[in-house]
Structures are given as structure tokens and as C-alpha cells.
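Step one of this worksheet: look at the structure below.
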Amino acid sequence: MNDQWVSFPRIKRATVLRDLIADESRHRLDFNRRGLVRVGGLTALGLGLGDYFRIQRIAAAGESETSIGKPKAKSCILIWLDGGPSHLETFDPKPEAPLEVRGPLDSIATAIPGIRFSECLPSTAAMLDRISVIRSMTSPLGEHNFGTHYLMTGYKPTPVLEYPGYGAVLSQLNGRVGVLPSNIAVPDFKVGGSRLTGSGYLPPETRPFSVGSDPSKPGFAVRDLDFYNGLDLNRLDRRRRFVESLNNFEERKSKAGETSSDPDLERAFRLIASTDAKRAFELNEEPAATRQKYGTRTLGQSCLLARRLVERGVPFVTVNHKGWDTHENLTTRLKDGFAGARVSVGLVPSLDLALAALIEDLEQTGLLSETLVVVMGEFGRTPKLNTRGGRDHWPRVFSVMLAGGGVTPGLVLGSSDAVGESPRTRPVTPSDLAATIYTLLGIDPRREFKTDDGRPVSIAPHQAEVISELIA
Amino acid sequence: MFICWVLLAAVLPGKSDSLVDFDHDVMPVLTKAGCNVGACHGAAIGRGGFKLSLYGSNPAADYRTIALELKGRRVNLLEPEQSLVIMKPTEAMEHEGGVRIDPGSDSAETVIRWIREGALRSHDGSRPVFKSLEISPASVVADDFDQDVTLKAIAHFSDGSSRDVTRLTVFTPEDPGALSIDSKTADVHVRRRGRHIVIARYLRAVKAIEIIAPFSRQVSAEPVDAPDSFIDTSVNRLLKKIGIPASGQLDDEAFLRRASLDLTGRLPDGQDLRWFLADDERIRRTNLIDRLLASEAFTEYWTLKLAKLLRIHGKPGNERGAEKYHRWLEQQIAENAGYHTIAMSLLTATGDTEQVGPANFYRMVGGPREQAEFTSELFMGSRLRCANCHDHPLDHWTQDDYHGLAAIFAKVRQEPIVRVVDDGQVINPRTGKNAVARIPGERYLDDDHGALQAFARWMVSEDNPYFAKAIVNRLWKSMMGRGLVEPADDLRSTNPATHPDLLQELARDFAEHGYDLRHTLKKIATSDAYGRRSEVSGGNATGGQYYSRHLRKPLEPEVLADAISDVLEIPEIYGQYPAGSRAVKLINPQVESQTLDVLGRCAREESCETSVAAGNTGGLSLKLHLFNGPILNQRIASPKGRLSRLIAAGETNEAIVQSFYRAALSRSVSDDERKFWNEQINGSGDQRRALLEDFVWSLLTCQEFVTNH
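Just so you know, the protein sequences line up as chains Y and V, in that order. If you use my numbering, the first sequence corresponds to residues 53 to 524, in order. If you use my numbering, the second sequence corresponds to residues 315 to 1023, in order.
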């Protein structure tokens, strides 16, 4: 099916595409086999979002093709470890360092000889030949809000402007097609002290749609997707029609002035009405073994939900996992855990289960090649343990993991020094990372948006450099 | 003057032989070529190791950078053509920014000649200083749509001389889709009808030029002269000039709804309607406005409006202070205190914030710089923020202005007990030293101790060109749906008002009448411009921003929440507030309320004007919540309330529909609508109830209900 499209001239494809979108909004598509067919007209009909971006660029701006090559990633899952995960207890352990640096956890070998991960990441370590890690991320911002803004947008925060996050940029560029929202946060988007809206200077409708509750809870359901007591689809449909009629009466009265249509009401209705789209949130459909494989905690079940959303064509999902601000008691917080804890505990094993299961599942359905998976937080942790057996904020060097979606597999990029204090080779800034993520997603990082007051702002900062080694 | 030129001409054989001046000739070339914009060398850290001041705001620094830095390797005095500063922009050498200056062009020649002549800052110690920029014409009505307009830029200097600098001036259209400008000739080609703005920049001067391409030349507009209303005179004049017909006047019942919502944040009830209709037709509207302005509901609603502007919210531990503040404000509104008096109290109040309401003014944001930004946005409608890091590129604010104002607030302890102290400084990053207290755009204040008082006095004085304009623009926006200047907190010469004369006159009239908020609101509410229908008529679909018709406004979250409660006759519960509390009266903007959350209220921790959450702009979550959440469903299904009451009273479907139309839309059901509802609502018992519930739900969701129009 893909080939058929490739033979079309580009502009023609743009026209066809527009018709498809219009069509998709009228018809409900049926799907039987999980993982093979995607909701959201584009991908269901064999046209990737990457193509769509390119078409949009050409059709809208008349710009020339950029030199970034054919992007592979159509969607992205960002696993956000809120609070700042310790690089020393995850992807960059220092087994040779003195105890106060090495910390309480051991390290283990990975699939790549000579590279070691934390002992709590055995499954991830075993698949290092299929994923990629940057060990030389560096930033000057060691405060949660600031660091979060920098990592989530590629821009250092300024009081003048909030920049948009990855999902909002994607959402703005792809025009919010399909029944499911195109930028979704699981369970919510309260990141880095929750001052970030996610949409920055872009319109508020590009903000992440929060599913609003924890997928690991027994009664998990997205707020307001299920009928209010006593209502059913027929009545909602009738209500929607009544609203339409009322708006039409008024429109007729006003002789077709301002439009009276209510696209958000239609979107909401379509989502409520689409059992198929809503099935994305039905984690119970997954076999018990699968649910177990991801780990039964919040992070695992959130990743499972993210996979189901991406399978249905959602371009951007943020899995927001809280509790990584581990100022004390590393062993409990990061490794052991216990039932009924008040803070998140046993964090790294949770991550290991969730991440390995996600990568494996995406590989099996063939989606990994077009799904970019990113694991990061706002900074790393101090090389020396503090007096409470924890580590404090440390932005000077930290690690980020990437996989799938056109990322070079098995690459360990850059390194930190002997104690994990500073980058030793190939320092990478969050701006560089942003330019790389956008490039992988088929978005020219130098493309500009205009803010409300007319200021042109490029998607990633001008000085950002794409990390070419990372792009396969 | 003529003789002077002749003499000069005699001394200097030809213009091209006059010496090139760095400030007046080279700098504009760099600006025109875009070298010093924020995305290139004008960035705070420069680019490629070469940093210029943003838009050339600092010629001295730029001269040092170009001529002296790196031991002068950017200029080659022996072979000027080989200088880095010319080889890069002409791309004789690799240049990331590409070709900015064409080789062999006048611009290139200017730079090369400047180097050949010694690359000096100036050739004459007593060189005249650039004073002002004049663009002619300053305002154009392009009668013929296809006709090009040629702009001319004249620079005036301190010695009285002037010079044509058109070639060196950068002209930028505000909307590139509407105008195209030839950068060499300054010919403006109009591509779209309407009112357009061109920004002209030469050295540090920026000017806005208005270019109008009328929609139609023959407009049967209303009489232009409106002797009893300067508002209508101004609005009608522009409509005529721009060629847009005006919509007619709204009918009385619709006017009642509009004015009630705008002035009191409430839907009119049956009593209001009876009083209104009982009045003589000729004075009905004026009497209504007077009645609304005098009502308690006005005080409640406008306290909320100002509380949002002042960002009144209780930080943890200061809830009592916030309440005191709110009550104080309410009292000012109730007593109709002049806005200048209110502002003076806010700026100068000190003491225990739990005792002294207005002292909480200094508790709403943290830090002197934040206080400077907040205060200038609030009382001057000006965004000083850019000037924190560099001189404002589109306005005259400098870093000295910004940090000078912050220096005034550095003397205020923003603590539970607000007091003015002697110590407290901020650093001006430009000088690296303590900033000197300064009234922005005006003068330095030598007496540190009295700086705050001096600033406050200046703020409310008639010398301050911003104070009255900033608030009347907001009052206008609140009533008319759009500020004469948009955004309302961005007053500057390069963002001109749609009706500059009207803004001026409203401000003058406001000051003349004791800064009386009610006075100006009444002026607006009784104008023809306010009373126009919101429906499009005679092809004025595109002219909304010129008030050819009334602009629709979404109801504010608090107003909408109250309106829903009023229509359903069941109050909403807000946190710990007693049952029956109205949303507009809530003091705590962050009180627990899912309803206000989904309707998009402002938490007031930041500006509510720029906050994206302001206004119920819809959104998927809101619509999902309307369908399936409790906000409407819970109370519609309740055995109490209007619907159940009417059903229990044995009312007919038609009577029920009529009652809800009256309550929600403040009008009778039309014949078409009556027919439609008769067809739709046909059933008995539970089925009838369900149909009626669906009717009520749709009524509370439709555009006519959720907007003021």
C-alpha cells in the first residue's frame, strides 16, 4: 500500500491527504487485529506522519525539502522520570570508584562488552545492543522547573516565553487528526513542579491531554469517557444534535457570520462514541502475562497504555513517572521497595521491567522501527552520596536512553569522568538532544513558529546541533 | 536652509565624497542586512564568536567589536575589501547566515569606504547627534487597491540638519500577508484590504505607519458626526474611512442581557425585565445602565475583575491577608473611589498585611524585578520584561529603565509586614553595579529614600502618558470584546491603537472625571458602538475589530458557572464556602472546584491577561466533561431545580421550553424554534423527562448561552 503512495508527486499527495482526513472524520473504521491496524486516518491508510509533516511543509510554506533524510519515527513515547534519575544507579554506574561515589548498588555487564549498567537494570542491560544511551548529557540547570523546561523543550527557560514541548510541536504540525488526541500524558502532565503547561507559546489545544488517573489502579478509567449515570450514546447523540440545531438557529439568525460549529464538541463526541478508540484505554484486554511483564506498578502499566496508544496512531505520549528526586535512602528508593510506601520506592526495577517489556513488544509488532522511545529526567544526581544516603541534584553530567524510530542501535554515546561528575567525551546539551529528537521525528529543528507578539522562534535553538551518530 | 545646502554643496563636491560615519551609515547597513537580529549576532551570546547589540542599540559596543576586538582583525585597513566584516556578509568567505549584503551594492560600498577612510567611529568630534525619525506619509489611505505607496524616511539631527535615510531604514510589515515592501525603494504594495501597520526602524528609532486599503468606497455608513459621543464620532469616522458598513442597533431585550452581563456578570431576571420594559423607551437604556452601575452586583463583579488584574490570591499562610485585600478593594469599588486613589494606596501602603488590605499589593509576586514587571503591566500597560536582558527592541525601554524601577521596589520588604527600608539593591547587568532608582522613560531619582513616593506620585500624575490609557483600554476591552490596543498590556508606539484619537480622548475624559471607573463604563455602554448587533450585516464580516458590529465574548468562568446555577435554580458548591455562594464573589481563586477548573479559571499567580487558561476556550477535556461529567448532568437530573419544579407544576412542554429560553437566553422562543422543540419533545413520563433534560443540556452548551453577544 505504501508503494502506491510513493509514486504520487508530493503536492498531489497533499491534496489526497486532505481528502483522506475529511473522509476519516465521516467514517468509523473497524479494526480487528491489535497492533496491525492503526486508528487515525493517516496511518490506517499507509501514510506515515513523517510524510504528512513533509507534505504540510511543502504545501503550506512552499519550503524546499530539508537535508535531514527520510525520518523513520512516526510516534514517540517519552518516559519522563520526574525529579531527576540518578545516572550512577541506572545507565552510568562507577564500579571502580570509591564507595561514597559508587553507592550502595552493584553493577552488571550488558550486551555490549565493557559497558556496565546498574544491577537493577538486568533486562535493559541485556538489550543494549538494540537500544542506545547518551552518557554525556550536560546542563547548567539544577532546579526542577528550570531543568524540566530545558529537557522538555530544548530551550533554557526565560521569563519572557514558555517554549512548547515535543508533543505540542507535533500536535501543532500534524493538525490533530484521528479520534484519539495527538498529545497524551499518562497519568498527567504535572512535571518538574508542574509549572510547565506543555504548549508554551503554541495554542492551548496542543497541550497534552491528561488521562487523569493511574493505569495501575484496579478501576482505571479516563475521566469523562464513560457515560454519566443514566445516560447512553443515544442520548449524547441527541444532545449533540440539539446543540447543533440551536447553533444553527442562531447562525441563521446571524446570517452566517461567525461560525457556530463546535469542533471540540464533535471531537469529544467522536471519542466517546468510538468504542474502538476508547479500547486503547482498556488495559484489561491485555493478557495477564503481558500486564505482569510490564510490572504491575504505575510505571509499567503506564508504558503498557502508551504502547496501546501508539499502536492506534497517537503521535506523542508522555509517561510521567514521579518520585525520582531521591535525596535519601538510595537502596530503598531505587532498589528494594516495600508495599504501602508513602514515596515511590523500588524505582529502577520498575523501570527495567517496563522499559524492556515495551521495547520487546514494539519489536515484536514491528512498531519499534517507527516509534521513538526516550527515557530521561531533568538532571542527574550528585556523584557523592549525601549524609542521608541519597544524592542531590546534579545537571553537569547525566544519561538519557533512546531506542527505536531510526536511532542507531547499540550506541553508547559520550562518557562521563571516573566519578560521574563531568562529561569526559562528546558533551551533549539538551538543545542538541531536542534537535535530534525533532530530526528523528521528521521535523526540521530550524523551522520557525511565530509567537503571539510576532516573534519568530525556531523549534530548537539555533545553536543546537543534531547528534548525527545517533541517527541510523 | 536652501542657502546652507548650496554652501555645503560647494564645499563638498559630491555627496559620495562625504566621509562615512560609523553610527549613522554603517550601523543602519548592518541593521538593514539583519546582522544584529536576535537569531543572529544580536543574540545575547552572539553567534560564531561575533556579538552585536540587538538591533544596533549600542553603537559604541558594536564599534569596539567590529573595529577593535581581536586586535582589529575584522577590518583590514590595507585591503578594505579583504576585511572579515565585509567578506562574511557578502559570502566571499563561508558565512552561516549566507549572503546578507550583495557584493558591489551601495551597502557593501558604504562599509568598504568606511574602512578605507580609517574605520573610525567618527571623523569629527562635534558630529551632530541623531534626534528623530520622520516617515512620510505617516498614514495613508490607498484609494486604489493596486496602487503602490512609496515611503520616505527623513532623519533629523541635533544641528538642525536632516537627511533622507530611506535606503538605510528597515521597513517591516506587521502582517507580511497583507503588505509587501521593496527593501530598496520602500515601495509598499497592498495585497489585502483593511488597516495595516508598517514598522520603520532607523538606528534606535522605530515608527509605526498606518496604511488603509478601504473595503469599499461607497458606504452608506451612519452619520459620521455624533455630537454627543466622541466614541461614536471616532468609531464611525474610521468605519467610513475604511469602507465598512455598521450593523444596526440591538433590540431592547438583547441589550438588557448584554449590559447586565458586562456590568454585573449576571443574567437579567424577570424583575429586571419588568423594570426595564416599564421605562419610557427613550430613556430605557440609560436608566438601565444607571441602575446596573449602582447595584451591589456591579461592585461584586468589578471587584472580581480588578482582583484578577491585581492577581489577588492567598499564598499559604497569607490567606487572611488576601481576604483583607479583597474586602478593601470591594469597599473602594462600592464607594466609587477614583482609580488614581486606588493606585496610590496600593503603591504606598505599608504595614501588617493582615490589617492593611492594600499592603498586600507587594505580596502577590516575589522579588523587586517581578514587582517592576507586574507594576508596569498593571498600571502602564507596558511590558518592560524584554528590557531585563537587553534594551526593548520595539519600544524605548532600556535596561536602565527596567533595573531602575526594580531598584525602587528593592527598598520594599515584600514580607507579611510590608515596609520600606534603606538597604536593598538590584544589580544592573549592563553596568554590573547597583541599579540607580529611575522612573522608567523619565528620570533618575537621586533620593533613594523617597524614590517610592516619587514614583507613585508620578504614576498617577497627568505627566504619565500610560496610566489612564492602560485602564481605559481595559475597560473598553471588557465592554467591547477587544482592546483599542491589543494585547491590552502592550501599549507602545509600535503597537498603535486601532483608534488612537479615541484612546486619547477616553483617557482624557477619564482623568477629567476623577478617574471614575463608572463614568467611563457608562460612556461606553451608552454609545451606539456598544449597542450594535453582533450579527453580520451588509458585508461587514471582516470588520469586527473596527466595531462595525458587536464582538462576541465568551462568558468568564465565574460568570458562566453562576449563570448555569441561575438557570438550573440549584447552586454549585465551592470548597468550604457556604452553600449558595456565587462564583464571582469567591475570594480564593484556587478554592477547590472541579467546575471552575474545567471552565478554565485563572489562578492569579501570573497575569490573567496573558494566561492561556483565561476564558473558557473550550478544549477536549471541557467538552468531555460537559458530556459525561457532573457539571451539568448532576443538577439537570436533580429532583430539585427549575426543570423538576416546572414538571411537578404540570407545565406544558412549550411553557417549560419558554421558561428556560427566558432564563438562559433572556428572550422568547422563536416560531421556528417552537416548532422544532414541539417535534423533538414528544413523549410521556420518563421519556419526556429525558427529552427535556437533553433540551436543557443543549441549551446550556450552545453558543448563544456561553457567550455574550
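Positions of the beta carbon are idealized from the N, C-alpha and C atoms, including for glycine.
Buried versus exposed call for S862 of chain V [16 or more other C-beta atoms within 10 Å across all chains shown]
Counted from its first residue, the second sequence places residue 862 of chain V at position 548. Using a 10 angstroms sphere on the CB of S862 of chain V, the tally of other CB atoms reaches 16 or more, which defines it as buried.
For a quick check, are the C-beta atoms of Y202 of chain Y and L213 of chain Y less than 8 Å apart?
The residue you call residue 202 of chain Y lines up with position 150 of the first sequence. The residue you call residue 213 of chain Y lines up with position 161 of the first sequence. Contact: no.
Determine the direct distance from the alpha carbon of D760 of chain V to that of H196 of chain Y, and round the result to whole angstroms.
The residue labelled residue 196 of chain Y in the question sits at position 144 within the first sequence. The residue labelled residue 760 of chain V in the question sits at position 446 within the second sequence. Spanning the two alpha carbons is a distance of roughly 40 Å.
Along chain V, which residues have their Cβ under 9 Å away from the Cβ of L454 of chain Y?
In the first sequence, counting from the first residue as 1, residue 454 of chain Y sits at position 402. Neighbours of L454 of chain Y across chain V, judged by C-beta separation under 9 Å, do not exist; the nearest C-beta is about 28 Å away.
Buried versus exposed call for T190 of chain Y [16 or more other C-beta atoms within 10 Å across all chains shown]:
Counted from its first residue, the first sequence places residue 190 of chain Y at position 138. By the neighbour-count rule (16 or more Cβ atoms within 10 Å), T190 of chain Y is buried.
Whose CA, out of V:A492, V:P487, V:G695 and V:N702, lies closest to the CA of P779 of chain V?
Here the question's residue 779 of chain V lines up with position 465 in the second sequence. Of all alpha-carbon atoms in V:A492, V:P487, V:G695 and V:N702, the one lying nearest the alpha-carbon of P779 of chain V is that of V:G695.
Assuming A273 of chain Y and S265 of chain Y are in contact, meaning their beta carbons sit under 8 Å apart, how far apart are those beta carbons, in whole angstroms?
Taking the first residue of the first sequence as position 1, residue 273 of chain Y is located at position 221. Taking the first residue of the first sequence as position 1, residue 265 of chain Y is located at position 213. Confirmed, Cβ separation roughly 7 Å.
Check the Cβ of C916 of chain V against every Cβ in chain Y and list those closer than 7 Å, keeping chain order.
Your numbering for residue 916 of chain V matches position 602 in the second sequence. The contacting residues do not exist; C916 of chain V stays about 13 Å from chain Y at best.
Residues of chain V with CB closer than 8 Å to the CB of Y202 of chain Y, please, in chain order.
What you label residue 202 of chain Y is simply residue 150 of the first sequence in a count that begins at 1. Chain V residues near Y202 of chain Y: none, gap ~16 Å exceeds 8 Å.
From the DSSP output, read off the bridge partner residues of M428 of chain Y.
Looking up residue 428 of chain Y in the first sequence gives position 376. The bridge partners DSSP lists for M428 of chain Y are Y:W132.
Give the range of the beta strand (DSSP E) segment to which G508 of chain V is assigned.
By one-based count along the second sequence, residue 508 of chain V stands at place 194. Unbroken beta strand (DSSP E) run through G508 of chain V: G508 to Y516.
Pick from V:K899, V:P730 and V:T812: whose alpha carbon is nearest that of E610 of chain V?
Here residue 610 of chain V corresponds to residue number 296 of the second sequence, with the count starting at 1. It is V:K899.
Can you tell me where the beta strand (DSSP E) holding E524 of chain V begins and where it ends?
Residue numbering aside, residue 524 of chain V sits at position 210 when the second sequence is read from its first letter. For E524 of chain V, the enclosing beta strand (DSSP E) covers residues A519 to A527.
Run through the DSSP bridge pairs and tell me what W376 of chain Y is partnered with.
In the first sequence, counting from the first residue as 1, residue 376 of chain Y sits at position 324. As DSSP reads the structure, W376 of chain Y sits in no beta bridge.
Could you list which residues in chain V have their beta carbon closer than 7 Å to that of N299 of chain Y, in chain order?
As a position in the first sequence, residue 299 of chain Y is number 247, starting the count at 1. Within chain V, the C-beta atoms nearer than 7 Å to that of N299 of chain Y come from C1016 and Q1017, in chain order.
Chain V residues whose Cβ lies nearer than 8 Å to that of L277 of chain Y:
Position 225 of the first sequence, counted from the start, is the residue given in the question as residue 277 of chain Y. Listed along chain V, the residues sitting closer than 8 Å to L277 of chain Y by beta-carbon distance are L938 and N942.
For I603 of chain V, tell me which candidate among V:S472, V:E906, V:W991 and V:R571 has the shortest Cα-Cα distance.
Within the second sequence, the letter at position 289 stands for residue 603 of chain V. The residue with the shortest Cα to Cα distance from I603 of chain V is V:R571.
Which residue or residues does DSSP assign as beta-bridge partners of M189 of chain Y?
Translated into the one-based positions of the first sequence, residue 189 of chain Y becomes position 137. Y:F450 and Y:V480, per the DSSP bridge assignment.
Chain V beta carbons: is any one of them nearer than 8 Å to that of G282 of chain Y?
Position 230 of the first sequence, counting from 1, holds the residue named residue 282 of chain Y. Cβ-Cβ to chain V under 8 Å: yes for G282 of chain Y.
Compute the Euclidean distance between the alpha carbons of P156 of chain Y and P150 of chain Y, then round it to the nearest angstrom.
For the purposes of this step, residue 156 of chain Y is identified with residue 104 of the first sequence, where counting begins at 1. For the purposes of this step, residue 150 of chain Y is identified with residue 98 of the first sequence, where counting begins at 1. In a straight line, the C-alpha of P156 of chain Y is about 11 Å away from that of P150 of chain Y.
Can you pull the chain V neighbours of R440 of chain Y, defined as C-beta to C-beta under 9 Å?
Here residue 440 of chain Y corresponds to residue number 388 of the first sequence, with the count starting at 1. Within chain V, no C-beta atom comes less than 9 Å from the C-beta of R440 of chain Y; the nearest is roughly 26 Å away.
With DSSP as the reference, label L88 of chain Y as helix, strand or coil.
Walking along the first sequence from the start, residue 88 of chain Y turns up at place 36. Model confidence at L88 of chain Y stands at a pLDDT of 28, short of 50, so the residue's coordinates are unreliable; what they give is reported in the following sentence. The answer is coil: DSSP assigns L88 of chain Y none of H, G, I, E or B.
W1011 of chain V touches chain Y at which residues, Cβ-Cβ below 7 Å?
Counted from its first residue, the second sequence places residue 1011 of chain V at position 697. Under the 7 Å cutoff, chain Y gives R291.
Could you tell me which chain Y residues have their CB closer than 7 Å to the CB of D1008 of chain V, listed as they occur along the chain?
On the second sequence, position 694 is the one that residue 1008 of chain V refers to. Within chain Y, the residues near D1008 of chain V are R287, R290, R291 and F294.
Does the beta-carbon of R378 of chain V have 16 or more other beta-carbons within 10 angstroms, so that it is buried, or is it exposed?
On the second sequence, residue 378 of chain V is found 64 positions in, with the first residue counted as 1. Result: exposed.
Please check the pair T176 of chain Y and A408 of chain Y, which I expect to be a contact at CB under 8 Å, by giving their CB distance rounded to whole angstroms.
As a working note, residue 176 of chain Y is residue 124 in the first sequence. As a working note, residue 408 of chain Y is residue 356 in the first sequence. In this structure T176 of chain Y touches A408 of chain Y by the C-beta definition: roughly 6 Å separates them, less than 8 Å.
Is the beta carbon of S436 of chain V less than 8 Å from the beta carbon of D501 of chain V?
Within the second sequence, the letter at position 122 stands for residue 436 of chain V. Within the second sequence, the letter at position 187 stands for residue 501 of chain V. No, they are not a contact pair.
To which residues of the same chain is S159 of chain Y closer than 7 Å at the C-beta, ignoring the five residues directly before and after it?
Working through the first sequence from its first residue, we reach residue 159 of chain Y at position 107. Closer than 7 Å at the Cβ level, and outside the excluded window around S159 of chain Y, lie P145, P147, R168, F169, S170 and E171.
Per DSSP, R744 of chain V is paired with what?
By one-based count along the second sequence, residue 744 of chain V stands at place 430. R744 of chain V is not bridged to any residue.
Expressed to the nearest angstrom, what Euclidean distance is found between the alpha-carbon atoms of D1029 of chain V and E644 of chain V?
Only positions 315 to 1023 of chain V appear in this structure, which leaves residue 1029 of chain V out of reach.
Excluding the five sequence neighbours on either side, which residues of its own chain have a C-beta within less than 6 Å of the C-beta of L317 of chain Y, listed in chain order?
Taking the first residue of the first sequence as position 1, residue 317 of chain Y is located at position 265. For L317 of chain Y, same chain residues with a beta-carbon under 6 Å away, outside a window of 5 residues either side, do not exist.
Beta carbon of L454 of chain Y, beta carbon of L424 of chain Y: below 8 Å?
Numbered from its first residue, the first sequence carries residue 454 of chain Y at position 402. Numbered from its first residue, the first sequence carries residue 424 of chain Y at position 372. With a cutoff of 8 Å on beta-carbon distance, L454 of chain Y and L424 of chain Y are scored as near each other.
Hey, how far is the Cα of L624 of chain V from the Cα of E684 of chain V?
Reading the second sequence from its first residue, position 310 is the one you call residue 624 of chain V. Reading the second sequence from its first residue, position 370 is the one you call residue 684 of chain V. Taking the Cα positions, L624 of chain V is about 13 Å away from E684 of chain V.
Between which two residues does the alpha helix (DSSP H) carrying F693 of chain V extend?
Taking the second sequence and counting its residues from 1, the one referred to as residue 693 of chain V is at position 379. Boundaries of the alpha helix (DSSP H) around F693 of chain V: P682 to M694.
Taking only the alpha-carbon atoms, compute the straight-line gap between R80 of chain Y and G365 of chain Y and give it to the nearest angstrom.
Locating residue 80 of chain Y in the first sequence gives position 28, counting from the first residue. Locating residue 365 of chain Y in the first sequence gives position 313, counting from the first residue. Caution applies to R80 of chain Y, whose pLDDT of 30 falls short of 50 and renders its modelled position unreliable; the value that the coordinates give is listed next. In a straight line, the C-alpha of R80 of chain Y is about 15 Å away from that of G365 of chain Y.
D1008 of chain V versus S998 of chain V: straight-line alpha-carbon distance, rounded:
Against the second sequence, residue 1008 of chain V aligns to sequence position 694. Against the second sequence, residue 998 of chain V aligns to sequence position 684. C-alpha separation (whole angstroms): 14 Å.
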